[in-house]
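Novice: With this note's numbering as the guide, the letters of the sequence shown map in order to residues 1474 to 1679. All residues carry an ideal CB built from backbone N, CA and C; glycine is no exception. None of these values were measured; they are calculated from a predicted model. Let me give you the structure first, and then I'll get to my questions.
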Amino acid sequence: MSVRLQVVFYSMYGHVYQLAEAAAEGARKVPDVIVDLFQVPELMPAEALEKSGAAKARAAFAQVPFAVPNRLAEADGILFGTPTRFGNMCAQMRNFLDQTGGLWMKGGLVGKVGSVFTSTGTQHGGQETTITSFHSTLLHHGMIIVGVPYSEPRLMEMKEITGGSPYGASTLAGADGARAPSANELAIARFQGEHVARITQRLCSH
Ligand SMILES: Cc1cc2nc3c(=O)[nH]c(=O)nc-3n(C[C@H](O)[C@H](O)[C@H](O)COP(=O)(O)O)c2cc1C
């Protein structure tokens, strides 16, 4: 029996988008798992996006369709990706989630699997706080939270700076955004996608 996963992300400069693609790739390795990739709508004024260079970066994934709050209920498991903003999720993701009140009233996500990944500019800029504070929203929705267990040995990497924790995959963009997700970080994101897919399948096969 097949299960459906959604990977729902916001990305301003493309780092979270790259993690989202990697998570989707990992999930698609699992047979009978259907994976859809969605982005949440932008809130920044076009002028600000242009000035910051984000408009150009965002053009690289403009083809990804927009997530629709009520359609989250069509998934058995959802991976959420957000850049860190002051140690928290970004406003675009918050705004999207704040449109799920109706879904929450109906218990539309109760018992579904939820998982989170992120990106920061700096090494200690709040990856873990972003992910664990995101979990509060998922718990209010009654979701079953899945992270990245240490059976993924890349979490132990000490020879290089790397994102990735038991809370979820992550990358470091660098203060100027110039650093791209590393091979280790992308592999952890693939692991997270596959892990979420396998657990969702165990819980939700129908
Ligand atoms: C308003 C704002 C707040 C930010 N807050 C943090 C922060 O608390 N910690 C940090 O390390 N990086 C912070 N950053 C950097 C972003 O996390 C970084 O640009 C992002 O992870 C890149 O991901 P993206 O390419 O998917 O947009 C902030 C950026 C902006 C614009």
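#1: Is there a Cβ from chain D that is less than 8 Å from the Cβ of GLN1512?
#2: VAL1669 and ALA1642 - do their beta-carbons sit closer together than 8 Å?
#3: In its own chain, which residues sit with a C-beta less than 7 Å from the C-beta of GLU1625, not counting the 5 before and 5 after it?
#4: Just to confirm my understanding: we take GLY1554, look at its own chain, exclude 5 residues before and 5 after, and list those with CB closer than 6 Å. What are they?
#5: Thinking GLN1600 and GLY1636 are a contact (beta carbons under 8 Å), I'd like their distance in whole angstroms, please.
#6: Please report the straight-line C-alpha distance between PRO1518 and ILE1604, rounded to a whole angstrom.
#7: Could you have a look at LEU1582 and say whether DSSP puts it in helix, strand or coil?
#8: Who are the near neighbours of THR1557 in its chain, counting only those whose CB is closer than 7 Å to its CB and skipping five residues on each side?
#9: Just to confirm before moving on: does the CB-CB distance between ALA1656 and TYR1486 stay below 8 Å?
#10: To the nearest angstrom, how far is it from the Cα of ALA1548 to the Cα of VAL1506?
#11: In this structure, what does DSSP give as the bridge partners for ILE1617?
#12: With a threshold of 7 Å (Cβ to nearest heavy atom), would THR1605 be considered close to ligand 1?
#13: Buried or exposed, going by whether 16 or more other CB atoms sit within 10 Å of the CB of MET1566?
#14: Whole-angstrom Cβ separation of PRO1542 and THR1573, contact assumed at under 8 Å?
Specialist: Considering the structure as presented:
#1: The displayed structure is made up of one protein chain only, and chain D is not part of it.
#2: no
#3: ILE1661, PHE1664
#4: PHE1482, VAL1489, LEU1492, ALA1493, PHE1590
#5: That belief holds up - the Cβ atoms of GLN1600 and GLY1636 are roughly 6 Å apart, short of 8 Å.
#6: 26 Å
#7: In the three-state reduction of the DSSP assignment, LEU1582 falls in the coil class, being assigned neither a helical nor a strand state.
#8: Once the five neighbours on either side are set aside, the close Cβ partners of THR1557 are THR1591, SER1592, THR1593, GLY1598, GLY1599, GLN1600, THR1603.
#9: no
#10: 11 Å
#11: VAL1586
#12: no
#13: So MET1566 ends up on the buried side.
#14: 5 Å
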